[in-house]
Structure formats: C-alpha cells, structure tokens
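Everything on this sheet refers to the single structure shown next.
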C-alpha cells in the first residue's frame, strides 16, 4: 500500500509561484499515472495535471502554460510547479495515483491548501 503526503501549499499573492510536492511511501514506478487534483470551495474536484509512468503529461485548459507536473521515480516524488497564480487557483490540492487516465484512483493524499490572495 502506497501512502501519499503532499507539502508546499500556502498563501501567495496573485502572480506568484508555489511548488507542491507529493512524497510516496513506496515506489511510484509501477503506478500507471500520477496526478494533481484540486477542489475549490463549493466546487467539484477536478484533475489539474497528469503524468504517466512514461513521462507523458496532460493539463487542464485553465492551467496550461502556467503549471508543470514532473516526477522523480528515484525519490518517489511528484511535483507541481505553479506559476502566475490567480485567485481562482485557490483550492485544496490533492495528489493521486491510479490508472492511465486517472479515472480510477487507487491512492489519494490528504491534500494541501493553496490560497492566492492579495
């Protein structure tokens, strides 16, 4: 059983940057895809970024060009670099691992709060 622990959230001003980390207790090498979801207040959870075991990446339209997902299999860690942050990026961000499309999630992290506000 793999446990995921997120870190790196916090309060940032609009236009600022944050890097989220997701540390796994076991190997992520064999997990088909890892990703970051977010859930804003009163909103449904949405997939923000996905990275496959082969290194292919996909992003929600709302974050394309601003967010970058990456993975370090040697460190069993997934990252989300977030630049040019906007108030609408405010949400709890969750790390997840599962099938290739992340339509079936096997592992969830506990979430980390990101607040973008002046």
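Residue numbers (this note's numbering): -9 to 108. Glycine included, every Cβ here is placed at the ideal spot set by N, Cα and C.
Within 8 Å, strictly: CB atoms of residue i and residue j
i, j, result
"residue 108", "residue 1", "no"
"residue 101", "residue 22", "no"
"residue 57", "residue 69", "no"
"residue 15", "residue -7", "yes"
"residue 8", "residue 104", "yes"
"residue 95", "residue 81", "no"
"residue 74", "residue -1", "no"
"residue 17", "residue 41", "no"
For residue i, the first and last residue of its enclosing beta strand (DSSP E)
i, result
"residue 10", "8 to 14"
"residue 1", "0 to 2"
"residue 22", "No beta strand (DSSP E) holds residue 22; DSSP gives it neither H nor E."
"residue 48", "47 to 49"
Cβ separation of residue i and residue j, assumed to be a contact under 8 Å, to the nearest whole Å
i, j, result
"residue 84", "residue 98", "6 Å"
"residue -3", "residue 11", "5 Å"
"residue 26", "residue 39", "5 Å"
Distance cut-off 7 Å: residue i Cβ against heavy atoms of the ligand NAP
i, result
"residue 66", "Because no ligand of any kind appears in the structure shown, any question about the ligand NAP cannot be addressed here."
Beta-bridge pairing of residue i - partner residues as DSSP gives them
i, result
"residue 37", "27"
"residue 99", "-6"
"residue 106", "2"
query: Curious, which full-length beta strand (DSSP E) runs of at least 3 residues does the region 57 to 89 contain?
result: 57 to 62, 67 to 72, 81 to 88
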